[in-house]
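Using the numbering used here, you'd call the opening residue of the sequence shown number 209 and step up by one each time. Glycine residues also receive a C-beta, built at the ideal position from the N, C-alpha and C atoms. No experiment lies behind these values; they were computed from the predicted model shown.
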Amino acid sequence: MKLNAKLLGFLALVALALWLRISQYPHLSLSVSNYDSDRYGEAGQLGFPSLRFFTSIQQPTIAWAYQALEPDSGYQITNISSPGDQLHPPLVWQPGFERITTLQAMVATLAWVALAWAVFRSIETPPLQYLAAGLVLLFGLSPQVVEWDYVMLSEPLAISLLVALLAVSIELMRTLGAAKPAGRGKRLALGALWLLITVLWVFARDTNNYMLPAFVAALIAMRFWQPDRSQLPTAALAGLGLALVLLFVTASSLAQQSGRWINPFFNNLLDRVLPVAEHRAFFEARGLPVSEELLAEVGGNLTELSLFNLSDLVRWTEQNGTQSYMAFLASHPQWALQEFVEDTQHAFTENAQPFFRRDTEVTPAFLVYLGDLLHPTDSLIVWLVVLQLGVLLWLAVKRGNRTRIGLALLFWLFFLGSVGTLFVSIHGDAAGIVRHALSSVLLFRLLLWLLPGYILDALAESRANKNA
209 MKLNAKLLGF LALVALALWL RISQYPHLSL SVSNYDSDRY GEAGQLGFPS
259 LRFFTSIQQP TIAWAYQALE PDSGYQITNI SSPGDQLHPP LVWQPGFERI
309 TTLQAMVATL AWVALAWAVF RSIETPPLQY LAAGLVLLFG LSPQVVEWDY
359 VMLSEPLAIS LLVALLAVSI ELMRTLGAAK PAGRGKRLAL GALWLLITVL
409 WVFARDTNNY MLPAFVAALI AMRFWQPDRS QLPTAALAGL GLALVLLFVT
459 ASSLAQQSGR WINPFFNNLL DRVLPVAEHR AFFEARGLPV SEELLAEVGG
509 NLTELSLFNL SDLVRWTEQN GTQSYMAFLA SHPQWALQEF VEDTQHAFTE
559 NAQPFFRRDT EVTPAFLVYL GDLLHPTDSL IVWLVVLQLG VLLWLAVKRG
609 NRTRIGLALL FWLFFLGSVG TLFVSIHGDA AGIVRHALSS VLLFRLLLWL
659 LPGYILDALA ESRANKNA
């Protein structure tokens with residue numbers, strides 16, 4: 209099959225996907241807000257770039273997007289959702305927010321198309337190319353993903369940037385492992401794009417930063433595995449690794465200064481520390497001021513802002529909260545693991561946004577049904593993904609194909625990195641676990657459908673070589 213015919217076939221898939229996105233979902237002028245939504249606009253009013261901007265109450269990437277798109281009349285919140293209070297309104301027009309909805313939808317669509325294209329190019333068997341790319345598009349354009357574009361929170365852009373990062377990573381790995389060396393310009397362009405997306409993604413959600421240690425470890429490993437050292441010199445690896453280390457340190461420091469972590473820390477106190485005598489004693493030994501006012505909040509609603517009125521508690525938290533909780537996790541490994549496993553199971557129990565009522569007259573039931581099939585609500589899929597990753601790596605090593613080995617290790621990297629960010633998300637905040645774990649859970653679900661295409665492609669190559 210000629211390249212032009214393949215390209216036309218892929219473009220036909222994209223055209224079908226775009227038709228699906230435009231015709232089967234609500235208009236982009238509609239949206240829904242949450243109690244956190246107004247903070248993005250407020251943070252965006254701070255000077256960029258400045259320390260105040262990067263240490264504001266909301267994530268810098270999201271605040272920057274709101275700042276760049278804010279109309280002269282500002283953003284007007286007229287549609288508030290609160291799933292915890294069973295408030296799930298329909299979508300309506302909110303002046304100014306149609307710009308954010310449009311941005312989120314455009315970035316998401318481009319990211320999923322880019323991932324489909326990267327997968328299409330990295331699989332060699334023609335029928336599998338279309339099947340794998342089609343599954344990616346169907347997965348990414350299912351209601352379980354698309355409907356987040358209408359929610360004015362950080363999740364939509366965080367998800368899309370993760371998808372874009374995976375797409376560029378696949379293309380970069382394929383380029384570095386190609387038998388024919390790629391031009392220096394292409395390698396530099398892909399590397400620069402990868403770094404840019406990584407920076408935007410890290411500053412879209414604080415927990416994303418904890419994927420960076422896995423990336424640095426991968427760069428160290430690549431020092432010893434390189435299909436062609438001229439493709440990725442040691443100096444380039446060292447420079448990129450240093451940039452990621454600096455990014456990790458900077459993002460961690462800015463997040464700590466911002467105080468965004470204090471309210472989640474209070475949630476952990478109310479839900480995981482104070483109700484258990486042993487846990488409470490651990491923190492009291494480290495100076496936690498346990499007052500009657502604080503104990504009175506136990507058993508109530510999480511995200512309780514009244515705790516900020518307890519000045520002694522706030523002062524202690526700012527000075528000792530982070531290190532005390534890390535020491536607590538380190539000294540209670542069995543509890544930490546058990547809590548992680550239980551909350552991981554809980555994180556899989558939902559696969560759709562809870563913020564607005566779906567318009568069944570616009571989005572057909574069959575699309576929701578397909579989405580439910582592609583986004584299972586059983587955490588068992590984590591183990592299925594591990595099995596698939598093991599099979600893929602075994603097939604790649606067996607054939608000695610460096611490109612396939614590189615792709616298999618890349619998927620392992622994203623999987624293990626997502627396990628790490630999931631651990632941080634779960635132990636970072638006892639409230640809103642499903643929402644906070646969304647990116648990690650979505651990646652696990654995506655890998656469940658993405659990996660079989662690569663496994664079948666490796667088997668097809670092996671069969672073809674035997675028949676040759």
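Between Ser466 and Ile589 the beta-carbon gap is near 34 Å, outside 8 Å, which marks them as no contact. Where Glu306 is concerned, the enclosing alpha helix (DSSP H) starts and stops at Phe305 to Ser330. Residue pairing by DSSP leaves Leu236 without any beta bridge partner. With a cutoff of 8 Å on beta-carbon distance, Leu452 and Phe423 are scored as near each other. Within 10 angstroms of the beta-carbon of Met430 lie 16 or more other beta-carbons, which makes it buried. Boundaries of the alpha helix (DSSP H) harbouring Met430: Leu420 to Met430, taken from the DSSP string.
Boundaries for Leu515: no alpha helix (DSSP H) harbours it, and the DSSP string shows neither H nor E there.
Ile428 is classed as exposed because its beta carbon has fewer than 16 other beta carbons within 10 Å across all chains shown.
For Ser241, the closest C-alpha among the options His296, Gly217, Pro268 and Ala322 is that of His296. From the listed residues Leu336, Ser237 and Trp325, the smallest Cα separation to Pro303 is found for Ser237. DSSP places Val590 in the helix class (H, G or I) of the three-state scheme. According to the DSSP assignment, Asn471 belongs to the alpha helix (DSSP H) that extends over Ile470 to Asn476. Classified as exposed, Gly292 has fewer than 16 neighbouring CB atoms from the shown chains inside 10 Å of its CB. Burial is judged here by how many other beta carbons sit within 10 angstroms of a residue's own beta carbon; Ile230 has fewer than 16 and is exposed. Contact annotation: Leu664 and Leu226 have beta-carbon atoms that are not nearer than 8 Å. With contacts defined by Cβ atoms closer than 8 Å, Thr309 and Asp246 do not form a contacting pair. Taking Gln232 as reference, the option from Trp469, Leu503, Trp543 and Ser350 with the minimal CA-CA separation is Ser350. Contiguous alpha helix (DSSP H) elements confined to the segment 567-629 occur at 573-582 and 589-607, taking only those with 4 or more residues.
In the three-state reduction of the DSSP assignment, Val371 falls in the helix class, which pools H, G and I.
A distance of 8 Å or more separates the beta carbons of Ala463 and Ala555.
The DSSP-derived three-state label of Ile285 is coil. Around the beta carbon of Trp409, a 10 Å sphere encloses 16 or more other beta carbons of the protein chains shown; the residue is thus reported as buried. Secondary-structure assignment with DSSP links Val359 through a beta bridge to Val240. By the Cβ test, the segment 609-618 is not in contact with the segment 526-533, since fewer than three Cβ pairs between them sit closer than 8 Å. A direct Cα-Cα distance of roughly 25 Å separates Val359 from Ala223. About 6 Å separates the beta carbon of Leu600 from that of Tyr662, a gap short enough to meet the 8 Å contact definition. The Cβ atoms of Leu228 and Phe564 do not sit closer than 8 Å to each other. Less than 8 Å divides the Cβ of Leu221 from the Cβ of Leu345.
Per DSSP, Thr333 is not a residue of any alpha helix (DSSP H), being assigned neither H nor E.
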